[in-house]
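Enquirer: With our numbering, letter number 199 in the sequence shown gets 692, and the count goes up by one each step, no holes.
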Amino acid sequence: MTLITSPGLVSVIIPNHNYGRFIGETIASVFRQDYSPIELVIVDDGSTDHSLETIREAIKRPNSLSRIEVVEMPSNAGKLAAMNAGMKYCVGEYAVILDADDLINDGYISRCIAELTKAREKDRHIGFVYTNCLLIGDDGTEIGQGKSTDFDPELIKRFSFIPEPAVTLMAALEEAGPFDETIRKGTKHHKWCRIIDNGWGGIHLSEPLFSYRMHDKNLSGIGNRVIDEIGGGHTGERLLSGYWPTQTR
């Protein structure tokens, strides 16, 4: 892990495995951010679809990022292995792990940085900011809203309620890593438990500031559940801790 950081720089890490149909939009959502500086590290985890071609085309688009790095893993090793690999290329003061099928809203990073800075003026143990989300379908259409839970270091031991995209101090992420690459389900729960066990706290913004895509290949299995529920007439806001699995190998 790197020990050198660039003040103010946000490192966005996108682990990707066979999400070629989505990752172009995900990269575009990073390009639309009004915050600067941002570096983007995309880790392709042994994809066998057209992901790499899509990534190479997407990063040619005009953008104001300070740096873009594409890391190609020779075979599929899992999301946490891709995260571990990506972190080695980062020099940001802050980090965002962004799933390759999701989108961050315009202004997401600047808003979260502002809230994190304000919170840390009162409590230096605050290390991350997370938000609620819009639920979108395979085609990007909004199909509902997802709600996280206010930060509770005891609750995280039993429920996964903190989403993957969250603006996090790189120091907190690096202290917790490298992450256990044998964990293949509940990967974000593993990450947050590690960070919180090290004494870091978070704050929750109860606004939908990113879009979480529901489809039949979601690693957590949430996509099929939500799509089936909506097909059965169950619409509205969902408490995400009821859907996300805890860490398992």
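Here a beta-carbon is modelled for each residue, glycine too, at the ideal position from N, C-alpha and C.
Just so we're clear, the structure is a prediction, and the values are computed from it rather than from any experiment.
1. Using CA coordinates, which residue listed in His697, Ser734, Gly725 is at the minimum distance from Phe621?
2. Looking at the secondary structure, which residues open and close the alpha helix (DSSP H) in which Tyr601 lies?
3. Tell me which residue opens and which closes the alpha helix (DSSP H) that Leu558 is part of.
4. Let me confirm a value: His682 is counted as buried when at least 16 other C-beta atoms fall within 10 Å, else exposed. Which label applies?
5. Any idea if Arg554 is buried or exposed, counting beta-carbon neighbours within 10 angstroms, 16 or more meaning buried?
6. Can you check whether the CB of Thr519 is closer than 8 Å to the CB of Asp595?
7. Could you name the residues of the same chain whose beta carbon sits closer than 6 Å to that of Ile629, not counting the 5 residues immediately before and after it, in chain order?
8. Just to confirm the assignment, what range does the alpha helix (DSSP H) spanning Cys686 have?
9. Between which two residues does the beta strand (DSSP E) containing Thr661 stretch?
10. On the CB-based measure, 16 or more other CB atoms within 10 Å of its CB, does Asp709 come out buried or exposed?
11. Span of the beta strand (DSSP E) holding Leu502?
12. Does DSSP put Asn625 in a helix, a strand or coil?
13. Would you report the Cα separation of Asp673 and Asp538, rounded to the nearest angstrom?
14. Shortest alpha-carbon distance to Lys640 belongs to which of Thr624, Ser540, Arg617?
15. Whole angstroms is fine: what's the gap from Ala669's alpha carbon to Thr675's?
16. Secondary structure at Ala578, three-state DSSP: helix, strand or coil?
17. Tell me which same chain residues have a C-beta within less than 6 Å of the C-beta of Ile561, skipping the five on either side of it?
18. With a threshold of 16 other CB atoms inside 10 Å of the CB of Gly501, please say whether the residue is buried or exposed.
19. Could you tell me which of Pro656, Tyr587, Asp632 sits nearest to Asp643, measuring between CA atoms?
20. Residues in its own chain within less than 7 Å of His543 by CB, not counting five upstream and five downstream?
Expert: With the structure as the only source:
1. That would be His697, whose Cα lies nearest to the Cα of Phe621.
2. Looking at the DSSP string, the run of the alpha helix (DSSP H) that includes Tyr601 is 601 to 615.
3. Run containing Leu558: none; DSSP gives neither H nor E here.
4. With 16 or more other Cβ atoms within 10 Å, it is buried.
5. Exposed: under 16 other Cβ atoms inside 10 Å.
6. Yes. Within cutoff.
7. Only Glu635, Ser704, Arg706 meet the Cβ criterion.
8. That run of the alpha helix (DSSP H) goes 680 to 690.
9. Looking at the DSSP string, the run of the beta strand (DSSP E) that includes Thr661 is 660 to 662.
10. Label assigned to Asp709: exposed.
11. Unbroken beta strand (DSSP E) run through Leu502: 499 to 509.
12. Reduced to three states, the DSSP call for Asn625 is strand.
13. Cα to Cα, the separation comes out at about 16 Å.
14. The shortest Cα separation from Lys640 among Thr624, Ser540, Arg617 belongs to Thr624.
15. Rounded to the nearest angstrom, the two C-alpha atoms are 15 Å apart.
16. In the structure shown, Ala578 sits in a helix (DSSP, three-state: H, G or I).
17. So the list reads Leu533, Ile552, once near-sequence residues are dropped.
18. Label assigned to Gly501: exposed.
19. For Asp643, the nearest C-alpha among the options comes from Pro656.
20. Counting only Cβ-Cβ distances below 7 Å, and skipping sequence neighbours, we find Gly513.
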